[in-house]
Amino acid sequence: MVYFLGVDLGTSAVKCILVDETGSVLDSQSAAYPLLQPHPGWAEQHPEDWWQATIQAIRLLMEQTSVSSSDVAGIGFSGQMHGSVFLDSKQEVIRPALLWCDQRTAEQCAAIEAAVGKDELGRLTGNRSLTGFTAPKLLWLRQHEPQYYARLRHLLLPKDYVRLRLTGELGMDMADASGTLLLDVARRRWSQTVAERLSIPMEWLPPLFESGQVAGRLQPEAARLTGLAAGTPVVAGGGDQACGAVGVGVVRQGIASVALGTSGVVFVHDDAYQVDEAYRLHSFCHGVPGKWHRMGVMLAAGGSLQWWKNHFAHEELERAQQEGLDVYELLTSLAETAPLGSEGLLFLPYLTGERTPHPDPKARGAFIGLNLRHGKAHLTRAVLEGITFGLRDSLELMKESGIEIKELRVNGGGAKSAFWRQLIADIFGIPVVTVNSTEGPAYGAAIMAASGVLGKDIIDICDAWIKEVDRTQPRLELYENYEAYYQIFRSLYGTLQTSFHKLSDLAQ
Ligand SMILES: Nc1ncnc2c1ncn2[C@@H]1O[C@H](COP(=O)(O)OP(=O)(O)O)[C@@H](O)[C@H]1O
Ligand SMILES: O=C(CO)[C@@H](O)[C@H](O)COP(=O)(O)O
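Okay, so the sequence shown: first residue is 1 according to full-length UniProt numbering, each after it adds one.
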């Protein structure tokens, strides 16, 4: 039996899994690292922390499973997208990476649209200039830290840095590269025009690969540190959204995935390159070679629930600790005790600004409609409903683009909750399917490794490994009841936008 290692470099932790050649997961291990927030709206991490955590998690996984290193046939990577790893001529890290949820680059986004032209940028890259994307981070470095910019020679995304440490090779996959704003997404190659207009040297950009292509082999030192075998092939892998979608089998049109991680994403596969009118949805290369996808990204989905847990769930946190329970399960059970619509209460989940459908770093969160009857259960339910309404905004954009969705597959931490899966089915009016693979992006990364090493099509591996295990049907009456709440939710951002901006400026 041979095994494939899937590594998902998330925002809060790295998760590593070992999968056998029939698709069964042997074990998983994870290791966490801190998120640095040196100023309001900034989000950074030390690439060295990712490296140390990855070594630790792989080592532990190899020890716990007792799998022989020579039986690990390949390694695949998934990773948080858009983060900027700035390397000098010796491939050493210049400063901490700016992450996907960092909001400091509004000025640079405007500068990019002015330099390239908004329509031209959309035509060349398939996307708008958004604060989370990578190119604006480069411009920020040039403007604010010229001493570091002068040393810059290589640009990588988070997982590509860890792959570099393992293999000594620079590289990036098309799916993740799509989020840099430097890729010609339609043609799957770097956009020389965009790079030239932004004065970014093309030689700073790494070689591009399809997700299942072998991008390097494990070096002896990395093998010693991880407990793996030198020479093990490492495939390029993908951004975590493409890997998460592959991991639940979203490799054909008609099926969408909803990712409930720190961010929240509604994702559809496209057989051909497609863009939404005004680029309101992201158009990216998929992890399936020669295919694309569109997605809407909410910045604080699970992140909003995590905020609620950290600040307002002291009793649940204490109980979870004492009784060995999952604090999120306690919170979702509490939410279930409140009625639909949280008795007239809505939550806006724009805690770190927003991307889809409101690309606005100054958007803010809110509870609207509070009255004296509302208690913790109502507020907790409103948080979950508000996140789900926000995700429905992306679904509506997809419907407007003529995309037909018959089934949703949920992944990410929030997918564990049966209550949340039912909420999605009821608010979206579409069946939610759970599949046997619950490991999300790490599983997609393992599929990509198997594809590269065994020379098999990613779609064929998905068909062989991924099976439906549960189907949550939407309840029509509840869908109709939620509709009235959703229409009010939809109107609130526009009503509050000016106040959000003023409050955000006051808090700088
Ligand atoms: N049992 C659960 N019920 C509901 N939500 C959960 C549960 N477990 C985790 N979550 C949500 O999932 C989020 C973490 O998801 P994960 O996919 O691990 O995130 P990331 O990859 O961004 O680090 C948490 O912030 C929380 O909101
Ligand atoms: O910015 C995006 C996608 O465009 C995020 O999806 C990040 O890739 C990180 O997501 P998590 O998995 O940590 O929620």
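Glycine is no exception: its CB is placed at the ideal position from the N, C-alpha and C atoms.
Any non-hydrogen atom of ligand 1 closer than 7 Å to residue i Cβ
i    : result
Y328 : yes
Q306 : yes
S69  : no
L90  : Residue identity check: residue 90 is Lys in the sequence provided, not Leu. No, since every heavy atom of ligand 1 falls outside the 7 Å radius drawn around the Cβ of K90.
T167 : no
A363 : no
W140 : no
W292 : no
K502 : no
K159 : no
T332 : yes
W420 : yes
Own chain partners of residue i with C-beta closer than 8 Å, once the 5 adjacent residues on each side are dropped
i    : result
K309 : E316, L317, V327, Y328 and L331
I458 : S211, G212, V246, V251, G287, V288, P289, I447, M448 and S451
S70  : A229
L121 : I112, E113, N127, R128, S129, L181 and V194
K291 : V251, H269, D270, D271 and C285
E63  : G227
T134 : H82, G83, S84, L155, L157, G179, T180, L181 and L182
Same chain only: Cβ atoms within 6 Å of residue i, ignoring 5 sequence neighbours per side
i           : result
V214        : P233, V235 and G452
T11         : Q80 and T262
T337        : A377
residue 514 : In the structure displayed, the chain extends from 1 to 508; residue 514 sits before or after that span and is not available.
L156        : V85
V248        : S257, R409, N411 and V435
Q29         : C16, A57, L60 and L61
A335        : T380, R381 and L384
V265        : Q241, A259, M295 and V297
T472        : R421, Q422, A425 and V432
G429        : P474 and Y479
H46         : P96
Assumed close pair residue i, residue j - CB separation to whole angstroms, cut-off 8 Å
i           : j    : result
V14         : V116 : Contact doesn't hold; Cβ gap of about 35 Å is too wide.
S257        : G126 : Going by Cβ atoms, the distance from S257 to G126 rounds to 19 Å, so no, they are not a contact pair.
L345        : F367 : 6 Å
A300        : T226 : The pair is not a contact, with the Cβ atoms about 33 Å apart (cut-off 8 Å).
residue 510 : H154 : This structure gives no information on residue 510, because the portion of the chain shown stretches from 1 to 508.
V25         : E439 : 6 Å
L208        : A177 : 6 Å
I405        : Y482 : The Cβ separation is near 17 Å, so there is no contact.
I387        : P359 : At roughly 18 Å, the Cβ-Cβ gap does not stay under 8 Å, so I387 and P359 are not in contact.
G237        : S78  : 6 Å
Per DSSP, the bridge partner or partners of residue i
i           : result
S333        : DSSP lists no partner for S333.
G261        : In DSSP, G261 forms no bridge with anything.
residue 563 : A question about residue 563 goes unanswered here, because the residues of the chain that appear run from 1 up to 508.
Q29         : C16
Q497        : Partner(s): none; Q497 has no beta bridge.
N411        : A259
T472        : V432
V85         : L156
G216        : V234
V297        : V265
M172        : L208
T3          : Thr is not the amino acid found at residue 3; the sequence shown has Tyr there. Its beta-bridge partners are D20 and V72.
R189        : D184
F133        : Bridge partners of F133: none, in fact.
D8          : K15 and S78
beta-carbon residue i near ligand 2 non-hydrogen atom, thresh 7 Å
i           : result
H82         : yes
V265        : yes
T54         : no
residue 541 : Because the chain here runs from 1 to 508, residue 541 falls outside it and cannot be looked at.
G261        : yes
Q241        : yes
E297        : The sequence shown places Val at residue 297, not Glu. Yes - ligand 2 has a heavy atom lying nearer than 7 Å to the Cβ of V297.
T388        : no
G117        : no
residue 527 : In this structure the chain extends from 1 to 508, so residue 527 is not present and cannot be described.
G231        : no
G179        : yes
G344        : no
G249        : no
G132        : yes
Cβ-heavy atom distance, residue i to ligand 3, below 7 Å
i    : result
W100 : Of the ligands one can find in the structure shown, namely ligand 1 and ligand 2, none is ligand 3.
Cβ neighbours of residue i in the same chain (closer than 7 Å, five flanking residues each side left out)
i    : result
H106 : The sequence shown places Ala at residue 106, rather than the His named in the question. Cβ within range, chain order: T131 and P361.
A320 : D326, V327 and L330
E468 : V433 and V435
T65  : L18, L26 and D27
P136 : T105, Q108, C109, I112 and S129
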